[in-house]
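Engineer: Have a look at this one before I ask anything.
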Ligand SMILES: *[C@@H]1O[C@H](CO)[C@@H](O)[C@H](O)[C@H]1NC(C)=O
Ligand SMILES: *[C@@H]1O[C@H](CO)[C@@H](O)[C@H](O)[C@H]1NC(C)=O
Ligand SMILES: *[C@@H]1O[C@H](CO)[C@@H](O)[C@H](O)[C@H]1NC(C)=O
């Protein structure tokens, strides 16, 4: 009985936020998927919905159809039954060290080897100045204190609504190689989150990834949905799929306040 009451409560709140549930969020702005429980605790969903018109890496045409019914009740099956096929680095996703290091790939440093303690815990959401990529100078100016281990970087990408554009945009904001170096050498940040499909700026794509993933200590979460969330401290929870042998995985991330 108790369980049922709880579920009704969640469902009821989900209906209130139907702008998100029905996908009407896109283009309107100001819509945050929030679930509130009995104790006033707030959950903010910072994962993007996987849908055909979301941008895909270096594609002009978006992700495209990736989900289809293979059995349908309309056709006399006892149940509806879908399949999907998705690039591992789609939408909100995580990179494992094997993404840019062949020897790590072969040694089994896949998404299933990532540290769940690092993917879950206190996190800082910061605003990056909107007129720049994340260089060493920018990192320095953000003044992120030592001891902070998880940082989600909100950039111009969020304001440009790049994750809602069908076409992949190479002018997105990300880390430059020296920005990545600065983070590794001068901070304790081990979880780096960003609001477009790569933490590295397009012109620094491989060099910045190499800097981040070389030590196998840093986890990169890309394509986060950071719209309409106040900057500040939260508890982040990110859970990748246990895809054995995969150097990337869709990941579900939420913030709890
Ligand atoms: C159901 O059957 C129709 C007609 O044979 C077919 O066009 C359709 O693709 C089927 N749908 C599924 C989900 O199997
Ligand atoms: C099953 O899928 C069909 C489409 O083939 C849809 O019309 C129907 O609503 C679905 N049924 C359920 C129970 O979701
Ligand atoms: C960030 O770098 C990319 C190239 O990697 C460039 O196209 C873009 O204009 C830069 N963005 C800003 C805000 O400087």
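Residue numbers (mature numbering (1 follows the signal peptide of the UniProt record, and there is no 0)): -27 to -1, 1 to 230.
In this text, a Cβ means the ideal position worked out from N, Cα and C, and glycines have one as well.
Everything numeric in this text was worked out from a predicted model, so none of it was measured.
#1: In angstroms, rounded to a whole number, what distance separates the CA positions of residue 104 and residue 130?
#2: Any contact between the segment 196 to 214 and the segment 88 to 102? By contact I mean 3 or more CB pairs, one from each, below 8 Å.
#3: Taking 7 Å as the cut-off, does the CB of residue 168 come closer than this to any heavy atom belonging to ligand 3?
#4: Rounded to whole angstroms, what is the Cα-Cα separation between residue 218 and residue 178?
#5: In three-state DSSP terms, what is residue 158?
#6: Let me check you understand the geometry: is the CB of residue 173 closer than 7 Å to at least one non-hydrogen atom of ligand 2?
#7: Does any heavy atom of ligand 3 sit closer than 7 Å to the C-beta of residue 104?
#8: For residue 205, write down the residues that DSSP places opposite it in a beta bridge.
#9: Who pairs with residue 221 in a beta bridge, going by DSSP?
#10: Can you grab the Cα-Cα spacing for the pair residue 155 / residue 114, in whole Å?
#11: How about residue 126 and residue 99: do their beta carbons lie closer than 8 Å?
#12: Using alpha carbons as the reference points, say which of 23, 43, 49, 45 lies closest to residue 231.
#13: Would you list the residues whose beta-carbon is nearer than 6 Å to any heavy atom of ligand 2, in the order they occur in the chain?
Structural biologist: On the basis of the data shown:
#1: In the chain shown, counting from the first residue as 1, residue 104 sits at position 131. In the chain shown, counting from the first residue as 1, residue 130 sits at position 157. Distance between residue 104 and residue 130, taken at the CA atoms: about 11 Å.
#2: Segments in contact, yes.
#3: Walking along the chain shown from the start, residue 168 turns up at place 195. No - ligand 3 has no heavy atom lying nearer than 7 Å to the Cβ of residue 168.
#4: Residue numbering aside, residue 218 sits at position 245 when the chain shown is read from its first letter. Residue numbering aside, residue 178 sits at position 205 when the chain shown is read from its first letter. In this structure, the alpha-carbon of residue 218 lies about 22 Å from that of residue 178.
#5: By 1-based counting over the chain shown, the position of residue 158 is 185. The DSSP-derived three-state label of residue 158 is helix.
#6: Residue numbering aside, residue 173 sits at position 200 when the chain shown is read from its first letter. Not under cutoff, so the answer is no.
#7: For the purposes of this step, residue 104 is identified with residue 131 of the chain shown, where counting begins at 1. Residue 104 Cβ: within cutoff of ligand 3.
#8: Within the chain shown, residue 205 is the residue found at index 232, counting from 1. According to DSSP, residue 205 bridges with 98.
#9: Within the chain shown, residue 221 is the residue found at index 248, counting from 1. According to DSSP, residue 221 bridges with 68.
#10: Here residue 155 refers to the residue found at position 182 of the chain shown. Here residue 114 refers to the residue found at position 141 of the chain shown. Spanning the two alpha carbons is a distance of roughly 11 Å.
#11: The residue labelled residue 126 in the question sits at position 153 within the chain shown. The residue labelled residue 99 in the question sits at position 126 within the chain shown. Remark: C-beta atoms of residue 126 and residue 99 approach each other more closely than 8 Å.
#12: Nothing about residue 231 can be reported from this structure: the residues present for the chain run from -27 to 230 only.
#13: Going down the chain, each residue whose beta-carbon is closer than 6 Å to a heavy atom of ligand 2 shows up: 42, 45, 46, 47, 53.
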